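Residue numbers (this note's numbering): 44 to 322.
Cβ coordinates follow ideal geometry from the N, Cα and C atoms, glycine included.
Because the structure is a prediction, the values reported are computed rather than measured.
Scroll down for the structure; my scribbles are underneath it.
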């Protein structure tokens, strides 16, 4: 007789363990957060630390950069060795360019909000990848699965977000709706900006700078068709700048700073000895 019994569905804690295992795997891939070793903005013709070639901006309105190199430099753009000057399209282009410097170092070109472009250099053998041990986390806690209500904002609504490397300046980012949540008897109205089909909540709490990364943490959420929304803080993650100083992460706006401890989600990036990977 064939046993048709199926395995029991994993518990919330087991699903969270799988989520964290996947996170630890993803950050140390060839283009994971730990692999980013340089982000250099190109405002004029210049060389870039760690990689060959001379890099320059294109004409205004044209995506990407140009690179000038000789065949001996070993730069490959879109599968073709560079011997002269070629265009390197940015990630804002429908067909962004791929850049290879050697068997473990690659590049991508990104566009800033001001229209300037930067080269990002990724090293699959970076020092951070070699030293990485784990991402510390809080244990699963159902208290931090919070229900709320999403109310769409008028088209064009923005909120000013500061970024770590912007010296206190703010960038106005579109915020598609207002999220109302009640936590421990108090109502909070928080702002999350759009991230593809999801919303990205940048938040801080009383653990920030103590048990958890000081800049804050991210939570990716999506409202339901009826306006209900679930914030599962157990899936809160560290921002990219916790893994590499070459990211410029948004900081939580005032309304996203909670006065209590949210003991859920990721805490810190640790090295193999269990100490902080980045001070």
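Within its chain, find whatever has a CB closer than 7 Å to the CB of residue 314; leave out the 5 residues flanking it on each side and keep chain order.
To locate residue 314, count along the chain shown from 1; it is residue 271. Result list for residue 314: 174, 175, 176 and 320, in chain order.
Nearest neighbour of residue 94, chosen from 118, 193 and 261 [CA to CA]:
Here residue 94 corresponds to residue number 51 of the chain shown, with the count starting at 1. Nearest option by C-alpha distance: 118.
Closest by CA to residue 308, which one among 274, 316, 290 and 292?
If you number the chain shown from 1, residue 308 lands on position 265. Nearest C-alpha to residue 308: 274.
Taking residue 312 as part of the beta strand (DSSP E), name the residues at either end of that continuous run.
By one-based count along the chain shown, residue 312 stands at place 269. For residue 312, the enclosing beta strand (DSSP E) starts and ends at 309-314.
On a CA-only basis, which of 134, 157 and 162 is nearest residue 150? Give me that one, please.
The residue you call residue 150 lines up with position 107 of the chain shown. Comparing Cα-Cα distances from residue 150 to each of 134, 157 and 162, the minimum goes to 162.
Check whether the Cβ atoms of residue 79 and residue 277 sit closer than 8 Å, and answer yes or no.
For the purposes of this step, residue 79 is identified with residue 36 of the chain shown, where counting begins at 1. For the purposes of this step, residue 277 is identified with residue 234 of the chain shown, where counting begins at 1. Taking 8 Å as the Cβ cut-off, residue 79 and residue 277 do not qualify as a contacting pair.
Assigned secondary structure, residue 135 (DSSP; H/G/I helix, E/B strand, else coil):
As a first step, residue 135 is located in the chain shown; it is residue number 92 there, counting from the start. Coil, per DSSP.
Assuming the contact rule is C-beta atoms closer than 8 Å, residue 296 and residue 203 should be a hit. Round their C-beta distance to whole Å, please.
Working through the chain shown from its first residue, we reach residue 296 at position 253. Working through the chain shown from its first residue, we reach residue 203 at position 160. Indeed they touch by this definition, with Cβ atoms about 7 Å apart.
In whole angstroms, give me the CA-to-CA distance for residue 168 and residue 147.
As a first step, residue 168 is located in the chain shown; it is residue number 125 there, counting from the start. As a first step, residue 147 is located in the chain shown; it is residue number 104 there, counting from the start. So the two alpha carbons sit approximately 6 Å from each other.
According to DSSP, is residue 276 part of a helix, a strand, or is it coil?
Within the chain shown, residue 276 is the residue found at index 233, counting from 1. In this structure, residue 276 counts as helix in the three-state DSSP scheme.
I'd like the ranges of any alpha helix (DSSP H) spanning at least 4 consecutive residues and lying wholly in the region 55-119.
55-70
One question on the structure: do residue 152 and residue 108 come within less than 8 Å of each other, judged by their Cβ atoms?
To locate residue 152, count along the chain shown from 1; it is residue 109. To locate residue 108, count along the chain shown from 1; it is residue 65. Cβ atoms of residue 152 and residue 108: closer than 8 Å.
Check whether the Cβ atoms of residue 84 and residue 155 sit closer than 8 Å, and answer yes or no.
For this step, residue 84 is matched to residue 41 along the chain shown. For this step, residue 155 is matched to residue 112 along the chain shown. In this structure, residue 155 lies closer than 8 Å to residue 84 by Cβ.
Just how far apart, CA to CA, sit residue 76 and residue 87?
Translated into positions along the chain shown, residue 76 becomes position 33. Translated into positions along the chain shown, residue 87 becomes position 44. Their backbone Cα atoms lie some 27 Å apart in a straight line.
Please specify which runs of the beta strand (DSSP E), each continuous and at least 3 residues long, are wholly inside the region 174-234, giving them in chain order.
175-180, 188-195, 201-205, 213-217 and 220-226
Between residue 271 and residue 190, how many whole angstroms is the CB-CB distance? I'm expecting something under 8 Å.
Taking the chain shown and counting its residues from 1, the one referred to as residue 271 is at position 228. Taking the chain shown and counting its residues from 1, the one referred to as residue 190 is at position 147. At roughly 7 Å, the Cβ-Cβ gap stays under 8 Å, so residue 271 and residue 190 are in contact.
Would you call the region 238-255 in contact with the region 223-230, where contact means no fewer than 3 C-beta pairs closer than 8 Å?
no
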